[in-house]
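Let me begin by presenting the structure, written as structure tokens, before commenting on it.
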Amino acid sequence: MHWWLPLKGSTFAGEIDGLFTAILIITGIAFFVVEVGVIWFSVKYRHRPERKAFYVHGSTTAEVVWTAIPAVTVIGLGVISNHYWKQIKGRESVPPDAYPIAIHAKQFEWQMTYPGPDAEPGTADDFTVRNQLHVPLGRNVVVALTAEDVIHSFWVPVFRVKQDAVPGMTIRAWFQPTVPGEYELGCAELCGMGHYKMRARVFVHPPDEFDAWVKQQLEGGAEQ
Amino acid sequence: MSSLAAAPVAHAHHDERPFVRKYIFSTDHKIIGIQFLFLSLFFLFLGGILAMQIRWQQGFPGQPMPGGGILPETMAPGGLLLPEYYIQLVTMHGTFMVFFAIMPLLVGVYANFLIPLKIGAHDMAFPRVNMASFWAAFLAGLVMFASLFVPEGAARAGWTMYAPLSARPDLSGAGLGQQLWCVSIVLLGLSSILGSLNYITTVINNRAPGMTWFRLPLSVWALFVTAILGLLALPVLSGAAIMLLFDQTIGTHFFDAPAGGQVLLWQHLFWFFGHPEVYILILPAMGMVSDLIANGSRKPIFGYHSMVFAIIAIGFLSWLVWGHHMFMSGMNPTLGSLFMVTTLVIAVPSAIKTFNWLGTMWRGDLHFHVPMLNAVAFVAMFVIGGLSGVFMAATPVDMPIHDTYFIVAHIHYVLFGGSLFALFGAITFWFPKMFGRVMSERWGKIHFWPTFVFFNLVFFPMHTLGMGGHMRRIYDPTVYEFLKPYQPMNRFISLAAFALFATQFIFLANFVWSLFRGKKAEQNPWRDNGLEWSLPSPAPHGNWERVPTVYRGPYEFSHPQAVEDCLPQYVKLPGDPEPAGAKGAAG
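The listed protein sequences derive, respectively, from chains R and G. Going by this note's numbering, the letters in the first sequence line up with residues 1 to 224, in that order. Going by this note's numbering, the letters in the second sequence line up with residues 225 to 811, in that order.
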């Protein structure tokens, strides 16, 4: 069992995990301060017959300090997060050279349409494979998500990519796989009684292996 | 107690209304509060039963559930839960807990019971509207409960009821169940709107002489701001539920994309209601915890004014954060940036409140009675729920944890670790004024400690599941290779959840036993300062014969001039000026 985050399988997985760790440290400090305070005061000031509570209504200095520190921290966090957010999800962030795959989600399967050897979607050599996402290692990939019936959500934990597929919309999400191997794609949005089994396999191939797979799909009559 | 000798005289005459008017179709705010208490405790228990079935399936997928044989074939043939039944379980667990347990427990019970008693009013401004509010909630509960028994089963699109799954019976597999969900929510919205109108009007108009805005207890401030949120948010939900009902039944296409509808509209409407809603579910708890911690610490609340402004700030900001539920929805990412900032900023007033609670305990004289124990647990647990919210507020980090068990952990740290602990404290604290008896201190502590331990054993590991990518609302996690290694943890969580549920029978037993056999309560068993403690226990119909006069704020514990460590709001010290509008000296 993993006690930490899954394998980092995309270029921005490290950035997201780094931000996760940074937030964990910041919130960890806040957590520590509060919990130690609670326990320490609970023990130190517990009732004793001779004890009299200190009659005080507050302290402006204290209020200013514990308003300012959280405020500065969260705003700083917002600025840093926004920097990565624009890089990862911003409308302009999709690299122009990215390999395009159209993914159509429906109850309860994923239909991946590949652009074929010409790497152009919408041409005659496109082919569709069910429940298998094959992507080339070290190359930017952009998925164009559509949904047939209800909302589904494209979720590949090792890539740290999640994006809903919404009926009536085409939503693009990009990533660059960095570790070859076989992984899993799941549906992350409740989409009906078969939601739990709306699973696809993800293959990250080295470039030559990927080309060979495309070729083999075309020869084998890929429409499955 | 010498300081209580000046307590205003209560209604002494015998209440002669017939039983039905007195206890069933009652217009007395206290009886209505108690009615809400029984109604919502029932749904709390029911929601717990559904949670146990969820945990059975997660911990032991593919194994027949003990006792599952009593469920019909359409739910669990041979005790094996079906996927379509499982998604009804998660939907109805969330629905019951949010709308019919926590919300009415906090608002229905305590806004009703506490507002008039704490501000010195005879009753609510509109007692009959108040009665209508309870009966609308009762009807809503009845409809929602009935939906469990219709042939296709209850609603099954998650408590957030995302369209178009919820709008299309052909896609969800449930027709009538989905419709009953909408009808029930509209009725519940009506109940909340009627209630909120009453709470707002009462706080503004019916305060006793001397009860200035900055002498209001923080519980009343929180309930007041909550009522404003409820009044403005519930109509949005009701409207959305009616649109959804029309999509399901009369062929409209509000949320149906192929016919020209807009799928994300539901999410915008739901969360425009839904985010104020989550503050409706925590603000009253924060307010009551402030009362309990000041009482338990025998010390004035630290930073009263900043606490009030923090409540108002949370109430205001709660309208500007709904989009943080939609970072992955396909909404324009630039809007995501905006909602991230507002969401992070709302952490500031929450931090202020937390540090002020700590400041209140600092150099106090801490009496760990059961309400205080639960209130301190609230602070310790709410902090975890608040801080885990920072992870999902940061948009890039939300990408991997959105729709995973990390979110489930977060919401339960806020709603169980926060609201429910506050409620255990509040129920114990005001039990004497409600029923004239005191809940057992010993059994209260026996209930508290295992609840605290098992709660953490259930929900803390869910953060780890979420970090691993474990999706919510999946019937059988072992379908996924990457989730199989987490099965021992899922099983551990389930066992802890069963223990947590079993522990709640201690509370139930203590509650029922104390109702009939508990020690008779004194007038002011917690040596508190609020106006409600100037009345006998239980408080009589109409509350005061003559409303008390208020001379100071509600948290004057350990005042140097007072003989005792409490100095109630209604006690006049030599030199206290008589407030405008006071009808002579109290009593």
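Where is the CB? At the ideal position from N, CA and C, for every residue including glycine.
How many angstroms separate the CA atom of residue i from the CA atom of residue j?
i: P524(G); j: V72(R); result: 29 Å
i: P656(G); j: I474(G); result: 51 Å
i: L295(G); j: F369(G); result: 16 Å
i: L516(G); j: V487(G); result: 44 Å
i: T702(G); j: H694(G); result: 11 Å
i: F563(G); j: I339(G); result: 34 Å
i: V64(R); j: M552(G); result: 36 Å
i: E665(G); j: D347(G); result: 30 Å
i: R51(R); j: L507(G); result: 32 Å
i: G226(R); j: D97(R); result: The requested residue 226(R) does not occur in the structure, where chain R is confined to residues 1 to 224.
i: V166(R); j: A105(R); result: 9 Å
i: G434(G); j: G754(G); result: 13 Å
i: K651(G); j: M691(G); result: The displayed chain sequence assigns Ile, not Lys, to residue 651(G). About 36 Å.
i: Q728(G); j: P6(R); result: 36 Å
i: F731(G); j: M355(G); result: 28 Å
i: Y423(G); j: F266(G); result: 24 Å
i: W673(G); j: A275(G); result: 21 Å
i: I625(G); j: L270(G); result: 29 Å
Contact criterion: CB-CB distance below 7 Å. Does residue i meet it with respect to chain G?
i: N82(R); result: yes
i: E223(R); result: Note that E223(R) scores 48 on pLDDT, short of 50, meaning its location in the model is unreliable; the coordinates nonetheless yield the value given after this. It does not: the Cβ of E223(R) has no partner Cβ on chain G nearer than 7 Å.
i: L137(R); result: no
i: F41(R); result: yes
i: K106(R); result: no
i: A144(R); result: no
i: R51(R); result: yes
i: H152(R); result: no
i: L190(R); result: yes
i: E109(R); result: no
Mark residue i as exposed unless 16 or more other C-beta atoms lie within 10 angstroms of its C-beta, in which case mark it buried.
i: N336(G); result: buried
i: D622(G); result: buried
i: H851(G); result: Because chain G here runs from 225 to 811, residue 851(G) falls outside it and cannot be looked at.
i: K342(G); result: buried
i: T113(R); result: buried
i: R91(R); result: exposed
i: V221(G); result: Any answer about residue 221(G) is impossible in this case: the structure gives chain G only from 225 up to 811.
i: L559(G); result: exposed
Using a Cβ-Cβ distance cut-off of 7 Å, determine whether residue i contacts chain R.
i: G693(G); result: yes
i: D589(G); result: yes
i: A356(G); result: no
i: L490(G); result: In the sequence on display, residue 490(G) carries Trp and not Leu. False, the Cβ-Cβ gap to chain R never drops below 7 Å.
i: I278(G); result: no
i: D471(G); result: no
i: S718(G); result: no
i: W737(G); result: no
i: E665(G); result: no
i: I576(G); result: yes
i: Q793(G); result: no
i: G382(G); result: yes
Going by DSSP in three states, residue i sits in which element: helix, strand or coil?
i: A124(R); result: coil
i: V703(G); result: helix
i: M225(G); result: Reliability fails at M225(G), whose pLDDT of 37 lies under 50, so the model's placement of it is uncertain and the value that follows must be treated cautiously. Note: M225(G) maps to coil in three-state DSSP.
i: Q111(R); result: strand
i: A391(G); result: coil
i: S514(G); result: helix
i: V101(R); result: Strictly speaking, residue 101(R) in this sequence is Ile, with Val absent from that position. Strand, per DSSP.
i: S10(R); result: strand
i: C191(R); result: coil
i: S153(R); result: strand
i: Y183(R); result: strand
Evaluate the contact criterion for the segment 180–199 of chain R versus the segment 690–699 of chain G: three or more CB pairs, one atom per stretch, below 8 Å. In short, these stretches touch, since the Cβ pair count reaches three.
Is it a yes or a no for the segment 188–202 of chain R touching the segment 414–424 of chain G, going by three-plus beta-carbon pairs under 8 Å? Flag = no, the segment 188–202 of chain R and the segment 414–424 of chain G do not touch.
Inter-stretch contact at 8 Å, needing at least 3 Cβ pairs: the segment 205–215 of chain R / the segment 137–151 of chain R: Yes: at least three Cβ pairs fall under 8 Å.
Say whether the segment 399–408 of chain G touches the segment 374–383 of chain G, bearing in mind that this needs 3 or more beta-carbon pairs closer than 8 Å, one atom from each stretch. Cβ pair count under 8 Å is three or more, so yes.
Are the segment 286–302 of chain G and the segment 349–362 of chain G in contact at 8 Å, needing three or more beta carbon pairs? In short, these stretches do not touch, since the Cβ pair count stays below three.
Examine the Cβ distances between the segment 778–798 of chain G and the segment 668–683 of chain G and report whether three or more of them are shorter than 8 Å. No, the segment 778–798 of chain G does not touch the segment 668–683 of chain G.
Per the contact definition of three or more C-beta pairs closer than 8 Å, is the segment 792–806 of chain G in contact with the segment 770–777 of chain G? Short answer: they touch.
State whether the segment 564–574 of chain G contacts the segment 66–80 of chain R, with contact taken as three or more CB pairs (one from each stretch) at a distance under 8 Å. Yes, the segment 564–574 of chain G is in contact with the segment 66–80 of chain R.
Does the pairing of the segment 496–505 of chain G with the segment 33–47 of chain R give three or more beta-carbon distances under 8 Å? Two segments are said to touch when three or more pairs of C-beta atoms, one from each, lie closer than 8 Å; by this definition the segment 496–505 of chain G does not touch the segment 33–47 of chain R.
Closer than 8 Å is the cut-off here; do at least three beta carbon pairs connect the segment 586–600 of chain G with the segment 635–653 of chain G? Because the criterion of three Cβ pairs below 8 Å is met, the segment 586–600 of chain G and the segment 635–653 of chain G touch.
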